[in-house]
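2 is the number of the first residue of the sequence shown in the working numbering; add one for each residue after it. Where a beta carbon is used, it is the ideal one built from N, C-alpha and C, also for glycine.
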Amino acid sequence: MATISALDLAMVRNIGIMAHIDAGKTTTTERILFYTGINYKLGEVHEGAATMDWMEQEQERGITITSAATTCSWLDHTINIIDTPGHVDFTVEVERSLRVLDGAVAVFDAVAGVEPQSETVWRQADRYGVPRICFVNKMDRVGAEFHRCVDMIVSRLGATPLVVQLPWGVEADFKGVIDLVRMKAFLWSADAAKGEMYDTVDIPADHAEAAREWRDKLVETVAENDDAMMELFLEGVEPTEEQLIAAIRRATIASTLNPVLCGTAFKNKGVQPLLDAIVAFLPSPLDVPSIEGHAVGDEEKKIERAADPKESFSALAFKIMADQHLGKLTYIRVYSGTIEAGTSVVNSTKGKKERIGKIYQMHANKREERPSAVAGQIVAVMGLKDTTTGDTLSDPAKQVVLESMNFPAPVMNVA
Ligand code: GDP
2 MATISALDLA MVRNIGIMAH IDAGKTTTTE RILFYTGINY KLGEVHEGAA TMDWMEQEQE
62 RGITITSAAT TCSWLDHTIN IIDTPGHVDF TVEVERSLRV LDGAVAVFDA VAGVEPQSET
122 VWRQADRYGV PRICFVNKMD RVGAEFHRCV DMIVSRLGAT PLVVQLPWGV EADFKGVIDL
182 VRMKAFLWSA DAAKGEMYDT VDIPADHAEA AREWRDKLVE TVAENDDAMM ELFLEGVEPT
242 EEQLIAAIRR ATIASTLNPV LCGTAFKNKG VQPLLDAIVA FLPSPLDVPS IEGHAVGDEE
302 KKIERAADPK ESFSALAFKI MADQHLGKLT YIRVYSGTIE AGTSVVNSTK GKKERIGKIY
362 QMHANKREER PSAVAGQIVA VMGLKDTTTG DTLSDPAKQV VLESMNFPAP VMNVA
């Protein structure tokens with residue numbers, strides 16, 4: 002049983018996928034789980050047949066997300082996908098899930114562009130300062146317009162999109178994307194089911210001029226939002242790929258830029274580059290170094306907790322779910338310290354003692370028991386009796402309340 006405390010927090014991404022209904026949130030999430038599953042399996046099983054069996058099985062059943070937080074891995078990083086309810090009716094739940102994640106992917110429909118619900122969740126994410134990357138989905142649909150969607154991100158959301166990819170073709174002719182960071186083209190592979198989704202090729206001649214223009218625009222926009230990049234820009238130095246990625250990451254985490262990618266999740270195109278972008282641009286728990294709570298019974302007395310496994314333990318319960326096999330599971334985000342299975346904590350919101358039973362990390366196709374969980378981690382725990390969503394769990398000797406009683410502020414339904 003691997004210990005979570007050995008885990009490098011810099012390699013964790015706690016993300017949500019948010020969208021207007023029908024934009025493709027479910028499809029995108031399923032493809033992510035599908036591909037990270039293949040990745041996992043390819044690393045473990047060296048026999049092609051076993052992998053194929055697993056894939057066929059999954060394709061028949063379809064991978065669905067039944068868990069409030071699903072863990073997967075990509076490029077040695079752990080990605081926790083926190084389910085954010087898509088309906089405006091569930092505003093309280095949406096806000097609570099936005100609170101426990103560090104970054105998000107906003108999925109748009111390339112035909113419909115920015116829709117009313119995309120606006121609602123975007124504003125909610127603004128309130129919590131959640132860094133976001135944008136994925137313009139459904140590039141295969143008749144009427145898909147990437148640049149119109151980018152323009153709407155400016156006009157409707159007031160955001161500063163950073164185009165990091167250009168579509169290569171559109172609708173039935175959507176061949177791939179031009180990556181403006183690497184200045185290469187990704188040509189969708191005909192055999193995506195084998196795991197490799199694209200071949201990296203030179204930018205086609207008929208796209209070279211547009212690519213050059215958009216690349217210049219990208220570097221300029223990043224420079225306007227990042228001091229280190231501005232210095233290079235003023236000196237006329239072309240940034241290296243690493244410098245550019247690091248600067249885009251800083252500006253994304255600062256929520257001044259929103260990198261924009263495109264694809265068609267339905268046809269398995271664009272999901273791999275999206276996973277790469279999640280790892281490259283979205284924050285780790287270490288990029289959100291502390292959380293503010295307050296003392297028990299005194300909302301005015303503020304308490305800061307560092308995202309450090311050695312701090313006193315604090316966590317927020319954000320979802321209760323009934324698991325078919327395990328019974329009641331409470332999903333928590335650990336904000337500070339370490340929690341071990343079988344130990345006692347206090348529900349500092351309700352003033353009740355609770356015992357942490359088993360701790361699990363939930364994957365799309367399995368669950369993994371863990372001896373402990375540390376700051377930055379999202380896990381499901383068994384054994385909590387009185388805890389409901391929004392409650393804080395903390396070290397009995399050093400209590401803190403992370404969510405105030407009047408959370409969340411009322412938001413009108415716009416249905
Ligand atoms: P959600 O409501 O945002 O979760 O959207 P879904 O993932 O359920 O997708 C809504 C519909 O759009 C479904 O019928 C999908 O099959 C379809 N869809 C999703 N992604 C794409 C895509 O990239 N292209 C096309 N043409 N259809 C898509």
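Exercise for the section: Can you tell me which of 404, 381, 397, 382 puts its alpha carbon nearest to the alpha carbon of residue 391? Expected result: Here residue 391 refers to the residue found at position 390 when the sequence shown is read from its first residue. Ranking 404, 381, 397, 382 by Cα distance to residue 391 puts 404 first.
Can you tell me the Cβ-Cβ gap for residue 315 and residue 337, rounded? I've got them flagged as a contact below 8 Å.
The count along the sequence shown starts at 1 and reaches residue 315 at position 314. The count along the sequence shown starts at 1 and reaches residue 337 at position 336. Yes, residue 315 and residue 337 are in contact; Cβ-Cβ is about 5 Å, under 8 Å.
For residue 384 and residue 174, what's the separation of their Cα atoms in angstroms? Position 383 of the sequence shown, counted from the start, is the residue given in the question as residue 384. Position 173 of the sequence shown, counted from the start, is the residue given in the question as residue 174. Whole-angstrom Cα-Cα distance: 53 Å.
Boundaries (first-last residue) of the alpha helix (DSSP H) holding residue 404
In the sequence shown, the residue the question calls residue 404 occupies position 403. Careful: residue 404 lies outside any alpha helix (DSSP H) and carries neither H nor E.
By the DSSP assignment, the beta strand (DSSP E) with residue 148 in it spans what residues? The residue you call residue 148 lines up with position 147 of the sequence shown. Unbroken run through residue 148 is the alpha helix (DSSP H), 147-156; no beta strand (DSSP E).
Inset, instruction - Since I believe residue 81 is in contact with residue 70 (beta carbons under 8 Å), could you give me their beta-carbon distance rounded to a whole number of angstroms? - result: Locating residue 70 in the sequence shown gives position 69, counting from the first residue. Locating residue 81 in the sequence shown gives position 80, counting from the first residue. The Cβ separation is near 5 Å, so the contact holds.
When you compare only the Cα positions, how much space is there between residue 135 and residue 75? Mapped onto the sequence shown, residue 135 falls at position 134. Mapped onto the sequence shown, residue 75 falls at position 74. Whole-angstrom Cα-Cα distance: 19 Å.
Q) Can you tell me whether DSSP reads residue 226 as helix, strand or coil? A) Translated into the one-based positions of the sequence shown, residue 226 becomes position 225. The answer is coil: DSSP assigns residue 226 none of H, G, I, E or B.
Exercise for review: Consult DSSP for residue 36 and reduce its assignment to one of helix, strand or coil.
Suggested key: What you label residue 36 is simply residue 35 of the sequence shown in a count that begins at 1. Reduced to three states, the DSSP call for residue 36 is helix.
Q.
I want to know whether the stretch 107-114 touches the stretch 340-359 - three or more CB-CB distances under 8 Å.
A. no
**Message:** Here's a check: name, in chain order, each residue in its chain whose Cβ is nearer than 7 Å to the Cβ of residue 286, leaving out the five neighbours to either side.
**Reply:** In the sequence shown, residue 286 corresponds to position 285, counting from 1. Within the same chain, residue 286 has close Cβ partners 10, 13, 15, 103, 308, 376, 377.
Tell me which residues share the same chain as residue 323 and place their Cβ nearer than 8 Å to its Cβ, disregarding the 5 neighbours each side in the sequence.
Here residue 323 is taken as the residue at index 322 of the sequence shown, counted from 1. The residues are 329, 330.
* Asked: Among 387, 396, 363, 237, which has the Cα closest to the Cα of residue 380?
  -> Within the sequence shown, numbered from 1, the residue matching residue 380 stands at position 379. With distances taken between Cα atoms, residue 380 lies closest to 363.
Q) Closest to residue 225 by CA distance: which of 258, 247, 206 is it? A) One-based indexing of the sequence shown puts residue 225 at position 224. The shortest Cα separation from residue 225 among 258, 247, 206 belongs to 258.
Notebook entry, point to check: Looking at residue 109 and the ligand GDP, is the gap between the Cβ and the nearest heavy atom below 7 Å?
Noted result: Looking up residue 109 in the sequence shown gives position 108. No, the Cβ of residue 109 stays beyond 7 Å of every heavy atom of the ligand GDP.
* From the DSSP output, in three-state form, read off residue 166 for me. => Looking up residue 166 in the sequence shown gives position 165. Of the three classes helix, strand and coil, the one that applies to residue 166 here is strand, per DSSP.
Please confirm whether any heavy atom of the ligand GDP lies closer than 7 Å to the CB of residue 176.
-> Mapped onto the sequence shown, residue 176 falls at position 175. Answer for residue 176: no, Cβ out of range of the ligand GDP.
- Item | Classification of residue 349 by the beta-carbon crowding that lies within 10 angstroms, buried from 16 upward | Mapped onto the sequence shown, residue 349 falls at position 348. Classification of residue 349: buried, given that the 10 Å Cβ count is 16 or more.
By the DSSP assignment, the beta strand (DSSP E) with residue 368 in it spans what residues?
Mapped onto the sequence shown, residue 368 falls at position 367. It spans 368-371 - the beta strand (DSSP E) in which residue 368 sits, taken as one unbroken run.
Opening and closing residue of the alpha helix (DSSP H) in which residue 115 lies
Residue numbering aside, residue 115 sits at position 114 when the sequence shown is read from its first letter. Unbroken run through residue 115: none, as it is neither H nor E.
_Per the DSSP calculation, residue 133 is bridged to which residue(s)?_
For the purposes of this step, residue 133 is taken as residue 132 along the sequence shown, with counting starting at 1. In the DSSP output, where bridge partners are listed per residue, residue 133 has 105.
*Is the beta carbon of residue 267 within less than 7 Å of some heavy atom of the ligand GDP?*
Stepping through the sequence shown from its first residue, residue 267 is reached at position 266. Within the cutoff, so yes.
### Query
When the Cα of residue 401 is compared with those of 368, 373, 304, 356, which residue comes out closest?
Numbered from its first residue, the sequence shown carries residue 401 at position 400. Nearest of 368, 373, 304, 356 to residue 401, Cα basis: 304.
Requested in this report: Check residue 319 in the structure and name its three-state DSSP category.
Outcome: Position 318 of the sequence shown holds residue 319. It is a strand residue.
**OP:** Quick one: give me the first and last residue of the beta strand (DSSP E) that residue 307 is part of.
**Re:** Looking up residue 307 in the sequence shown gives position 306. Counting along the chain, the beta strand (DSSP E) containing residue 307 begins and ends at 299-307.
>> Quick check on the DSSP output: the alpha helix (DSSP H) that includes residue 250 runs from which residue to which?
In response: By one-based count along the sequence shown, residue 250 stands at place 249. That run of the alpha helix (DSSP H) goes 242-254.
Review point. Just to confirm, are residue 95 and residue 137 a CB contact at a threshold of 8 Å?
Key: Here residue 95 refers to the residue found at position 94 of the sequence shown. Here residue 137 refers to the residue found at position 136 of the sequence shown. No, these two residues do not count as a Cβ contact at 8 Å.
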